[in-house]
Amino acid sequence: MKKMLSLAAMLAVLSYASPASAELKFGGDASVRERAEFKSFQNDDVKSQYRIRLKAAADLGSGYFFKTMLMNEENLAGGWQTVGYGNSEKITVDVSNFYFGRMMADSHYMMGRIPLNSFNNPVLDLSLYPMQALDTPVFNINYDRAYGFNYGTKLGNGDLSATILVLDNIAPTSREGLLNDGYGVHLSYKTTVGDVTLEPQFLTVLGSTDIWSQTKVYTAAATAAATGYADPTADLTFAKRVTPWTFGATASVPAGEAKLSGAAFYNFANDGAVDYHSTLVRVKGEYGPVMAWVDYNAARDNALGHDYSNTFVWAQYKYSVYESAAGTFSLQPTVRWLTTSDETATSNTDNSTLRAELWATVTF
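Residues -22 to -1, 1 to 342 in mature numbering (1 follows the signal peptide of the UniProt record, and there is no 0) are what the sequence shown lists, from first letter to last.
Following this line, the structure appears as structure tokens:
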């Protein structure tokens, strides 16, 4: 915490150090939450958690800009930290994302460690965690950012966006060739048809990349937390060196004072011994302070004979306690429910996790 405050103070001083430098604007949010957690495979538990995110932005003129966000990345929880035994937990300050570029009248470009908007768009969740793509894994595990380049432009009645992400920057001895890393390519076109906003999307990898297993990632994290040692040789992958293909779309439409939206994506890979396909469907509704969505993810691993079926529900009510030009204070009861199923010809493993939470958040 002291490091984060010291760094924020240093940036504030530097932002006014020279009249020739761009003005650096600060903002962010701080949250605490109480969580009651009920897992079918573990004892029930209550957790106290907190998160601080500091944001800075600079307008360089002529459309050029710089943005960054500082956040704790000590564990795999989207910046949240859980109070530990004897208050022994760590909260660090990390440059979670940073990017710069230029905004123009009909186009833009940016580069750096760019945000992915994965909380609202599950295309990367399905691409990188296909067998269990629910409960926002890219937001939680990958902190909703990746190193890459984005370009967007007006095209016809909509907006075309192209993003290249470095997904797998492997060692040069792992594979022959200069461009031997996994480069994710995401294309989308956002347009409106009447009151409906549509965004068809396509994502693949130039070369190949590793694909991850949420179960392995969280099991390794729990083991490291319990033992104080993270095994660098632990295999956290579902598949290695594959080229996944994902396509689908998101859509939204106003319904009176409410907003309805949804997403549907299909993903597959067939590389050597790897052969799988998966789908993800989302239905979401927003009405004033209420937001809820339901996700369904089905997957088939043809190589190993596994069928996966997962369901996720998120529901929240955001109560505004205070609002001003300087910031806000809100309370947010939230419920999350995840069910997972893994079936083979000889076995069936079902699990569920229910989380009831109360968030308190200030923005500034």
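Every residue, glycine too, gets a C-beta built ideally from N, C-alpha and C.
Cβ-Cβ distance between residue i and residue j below 7 angstroms
i      : j      : result
LEU181 : VAL101 : yes
PHE342 : GLY283 : no
PHE246 : ASP273 : no
LEU332 : TRP315 : yes
ALA55  : ILE30  : no
MET81  : ASN128 : no
VAL313 : TYR295 : no
ASN188 : ASP122 : It is Asp, not Asn, that sits at residue 188 in the sequence shown. Not closer than 7 angstroms, so no.
TYR265 : ALA277 : no
SER298 : LYS262 : no
LEU104 : THR224 : yes
Own chain residues within Cβ distance below 8 angstroms of residue i, not counting five before or after
i       : result
ALA(-6) : Any reading at ALA(-6) must be qualified, since the residue scores a pLDDT of 48, below 50, and its modelled position is unreliable; the value itself is stated next. No residues qualify anywhere along the chain.
GLN59   : GLN27, TYR28, ARG29, ASN50, GLU52, ASN53, GLU67, LYS68, ILE69
DSSP-derived helix/strand/coil call for residue i
i       : result
SER18   : coil
GLY305  : coil
SER54   : Here residue 54 turns out to be Leu, not Ser, going by the sequence shown. LEU54 falls in the coil class under three-state DSSP.
GLY64   : helix
TYR167  : strand
THR327  : strand
PHE290  : strand
ALA251  : coil
ALA334  : strand
LEU(-9) : Low confidence applies to LEU(-9): its pLDDT is 48, below 50, so where it sits in the model is not reliable enough to give any reading.
VAL10   : strand
ILE119  : helix
GLN192  : helix
THR205  : helix
Own chain partners of residue i with C-beta closer than 6 angstroms, once the 5 adjacent residues on each side are dropped
i      : result
THR70  : ASN50, GLU52
ALA14  : VAL24, ALA334
SER85  : THR131
ASN329 : SER18, PHE19, THR318
GLN192 : TYR107, GLN110, PRO115
ASP22  : PHE16
7 angstroms Cβ shell around residue i - same chain, five flanking residues per side excluded
i      : result
TRP292 : ALA270, TRP271, ARG314
PRO232 : ASP173
Inter-residue CB distance, residue i and residue j (contact presumed, cutoff 8 angstroms)
i      : j      : result
GLY185 : GLY160 : 5 angstroms
ASP279 : MET109 : 7 angstroms
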